[in-house]
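The structure under discussion appears below in the form of structure tokens.
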Amino acid sequence: MPDVPDSCIEDSGFKLLEGEKLYKIIKPHPLSFIDMYFMWVLVILLSLLFLVYGDSLGELIGNPAATPLFIYDGFLNSSSENLLIRSMPYLTETRQDIYEFTLPLTTVLREYAPVSLWIFLLTILSILVSFLKIALRWCIILPAAGITSLIVAVALDLDPRFAYFFGILFSLVGVLMVELYRRAHTFYVTGSRLVTEATFLTRKKNELGYDKINNVVLDQSLVGRVFNFGTLIPATASGLGMGEDSAYLGFGAAGEVGSGPLIGGGAAAGRSITVPRTRSMYSLFGVSNPAEIEHLISALISDFREAPHLKDIKKTLGQMRDHMQEDNL
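Set out below in structure tokens:
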């Protein structure tokens with residue numbers, strides 16, 4: 006097994022242990038984070054759709070801002086016809102002050118009402134992504150991009166359609182950040198351990214000795230099989246590299262028995278299975294030629310486990326040789 010040249014080791018800044026050899030320095034495949042690229046592409050497509058048909062979509066689907074504006078008009082903007090306000094004199098006295106104070110906000114909501122539907126759809130997309138990625142931060146990132154785009158458009162007093170334009174710019178920045186995040190990952194395969202490292206804003210590093218690895222799982226998606234890349238997950242006895250898939254079913258019912266009180270009840274059941282799953286930092290995520298690297302790691306694990314026995318045999322043979330030399334003397 007050829008090892009990595011010393012010049013490459015020096016360029017990487019990786020520190021080897023005494024007597025250790027480095028066999029591979031690996032980066033994730035360019036398409037390994039395709040799902041995250043696709044997410045930002047969806048935001049771009051959605052923004053382009055609203056940029057062209059935003060008003061029509063608002064009329065067809067409705068705007069989330071319409072309901073609060075309707076309630077606002079009912080309680081403040083028509084006090085002479087509002088029974089609630091007429092029944093409370095202090096509301097009548099302060100109505101004009103409240104109306105004038107909130108007028109800038111309501112004006113913005115009316116002018117940028119179609120944008121609220123766009124932000125709402127971004128929020129739905131973010132919830133779906135968070136569920137699939139098992140990462141709550143996506144519930145914040147996409148809506149924050151939409152709200153920030155709206156704030157910039159309002160602050161610059163631009164047409165509402167510019168909010169979608171800024172959303173496209175934020176998405177392009179998002180694609181760039183995904184690429185930088187991919188390049189921040191580096192994986193090292195040595196003669197005694199696997200080392201994974203990610204330096205993106207913060208720095209994370211994980212080392213796993215071959216004596217701790219029970220199994221190496223190869224996970225390839227359809228795209229990975231086509232373009233020959235996949236994820237190698239080292240599973241350990243402590244559970245590192247393992248996750249859980251769960252499915253639950255529940256139901257409930259309630260009813261009134263005669264003239265008695267309402268009685269209800271419910272039940273739920275579920276099953277779960279343990280499956281190989283981990284974050285990109287704790288696996289060899291999206292590496293090219295995964296089958297070849299898996300074979301290399303398996304061979305290194307085998308050699309590492311046999312090494313102590315070979316040392317014992319060498320020591321025993323040395324002792325036998327010494328005894329034979331003493332007997333000959």
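In our numbering, the protein residues as written are 6 to 334. Glycine residues also receive a C-beta, built at the ideal position from the N, C-alpha and C atoms. It should be emphasised that the depicted structure is a prediction, and the values quoted were computed from it without experimental measurement.
1. Hey, quick one: how far does the alpha helix (DSSP H) through TYR186 stretch, first residue to last?
2. Below 6 Å CB to CB, which residues in the same chain sit around VAL200 once its five sequence neighbours on both sides are set aside?
3. Report yes if the CB atom of ILE30 is closer than 8 Å to the CB atom of SER12, and no otherwise.
4. Just curious, the beta strand (DSSP E) that LEU289 is in, first and last residue?
5. Work out the CA separation of ILE145 and SER37 for me, nearest whole Å.
6. Under 8 Å, do PHE234 and VAL292 count as touching if we go by C-beta distance?
7. What number of angstroms, rounded off, separates the C-alpha of PRO10 from the C-alpha of PHE136?
8. Compute the distance between the beta-carbons of SER197 and GLY172, then report whether it is under 8 Å.
9. Looking at the strands, I want to know which residues DSSP matches up with VAL194.
10. VAL120: buried (16+ other C-beta within 10 angstroms of its C-beta) or exposed?
11. What residues in its chain sit with their C-beta under 7 Å from that of GLY229, if we drop five residues either side in the sequence?
12. On a CA-only basis, which of ALA189, ASN220 and ASP216 is nearest THR207? Give me that one, please.
13. Can the beta-carbon of LYS32 be found closer than 8 Å to that of THR191?
14. Use the C-beta contact count for ILE218: other C-beta atoms within 10 angstroms, 16 or more gives buried, fewer gives exposed.
15. Can you tell me whether DSSP reads LEU161 as helix, strand or coil?
16. What is the DSSP secondary structure of GLU297, counted as helix, strand or coil?
17. Does DSSP classify PHE43 as helix, strand or coil?
18. Kindly indicate which three-state DSSP category PRO239 falls into: helix, strand or coil?
19. DSSP puts THR204 in a beta bridge; with which residues?
20. Can you check whether the CB of THR195 is closer than 8 Å to the CB of LEU301?
21. From ALA149 to ILE156, what does the alpha carbon distance come to, in whole angstroms?
22. In whole angstroms, what separates the C-alpha of TRP45 from that of ILE14?
23. Give the DSSP-derived three-state secondary structure of LEU21 in the structure shown.
The short version:
1. For the purposes of this step, residue 186 is taken as the residue at position 181 of the sequence shown. Where TYR186 is concerned, the enclosing alpha helix (DSSP H) stretches over 166-188.
2. Here residue 200 refers to the residue found at position 195 of the sequence shown. Once the five neighbours on either side are set aside, the close Cβ partners of VAL200 are TYR193 and GLU212.
3. Taking the sequence shown and counting its residues from 1, the one referred to as residue 30 is at position 25. Taking the sequence shown and counting its residues from 1, the one referred to as residue 12 is at position 7. Not a contact, by the Cβ cut-off of 8 Å.
4. One-based indexing of the sequence shown puts residue 289 at position 284. Taken as a continuous stretch (DSSP letters only), the beta strand (DSSP E) holding LEU289 covers 289-293.
5. For the purposes of this step, residue 37 is taken as residue 32 along the sequence shown, with counting starting at 1. For the purposes of this step, residue 145 is taken as residue 140 along the sequence shown, with counting starting at 1. When rounded, the separation of the alpha-carbon atoms in SER37 and ILE145 is 23 Å.
6. For the purposes of this step, residue 234 is taken as the residue at position 229 of the sequence shown. For the purposes of this step, residue 292 is taken as the residue at position 287 of the sequence shown. Taking 8 Å as the Cβ cut-off, PHE234 and VAL292 qualify as a contacting pair.
7. In the sequence shown, the residue the question calls residue 10 occupies position 5. In the sequence shown, the residue the question calls residue 136 occupies position 131. Cα to Cα, PRO10 sits roughly 43 Å from PHE136.
8. The count along the sequence shown starts at 1 and reaches residue 197 at position 192. The count along the sequence shown starts at 1 and reaches residue 172 at position 167. Between SER197 and GLY172, the CB-CB gap reaches or exceeds 8 Å.
9. On the sequence shown, residue 194 is found 189 positions in, with the first residue counted as 1. DSSP output for VAL194 lists LYS29 and LEU199 as bridge partner(s).
10. One-based indexing of the sequence shown puts residue 120 at position 115. Buried, because 16 or more other Cβ atoms sit within 10 Å of the Cβ of VAL120.
11. By one-based count along the sequence shown, residue 229 stands at place 224. GLY235.
12. The residue labelled residue 207 in the question sits at position 202 within the sequence shown. Per the Cα distances, ALA189.
13. Here residue 32 is taken as the residue at index 27 of the sequence shown, counted from 1. Here residue 191 is taken as the residue at index 186 of the sequence shown, counted from 1. Yes, they are a contact pair.
14. Indexing the sequence shown from 1 puts residue 218 at position 213. By the 10 Å Cβ count, ILE218 comes out buried.
15. Reading the sequence shown from its first residue, position 156 is the one you call residue 161. Look at LEU161 here: in three-state DSSP terms it is coil, with no helix or strand label.
16. Here the question's residue 297 lines up with position 292 in the sequence shown. The answer is helix: DSSP assigns GLU297 an H, G or I state.
17. Residue mapping note: residue 43 aligns to position 38 of the sequence shown, counting from 1. DSSP places PHE43 within a helical segment (H, G or I) once states are collapsed to three.
18. Reading the sequence shown from its first residue, position 234 is the one you call residue 239. PRO239 falls in the strand class under three-state DSSP.
19. For the purposes of this step, residue 204 is identified with residue 199 of the sequence shown, where counting begins at 1. Its beta-bridge partners are ARG208.
20. Residue 301 sits at position 296 when you count from the first residue of the sequence shown. Residue 195 sits at position 190 when you count from the first residue of the sequence shown. The answer is no: Cβ separation not under 8 Å.
21. As a first step, residue 149 is located in the sequence shown; it is residue number 144 there, counting from the start. As a first step, residue 156 is located in the sequence shown; it is residue number 151 there, counting from the start. ALA149 and ILE156 have their alpha carbons spaced roughly 10 Å apart.
22. Position 40 of the sequence shown holds residue 45. Position 9 of the sequence shown holds residue 14. Each residue's Cα considered, the two are about 35 Å apart.
23. By one-based count along the sequence shown, residue 21 stands at place 16. Coil.
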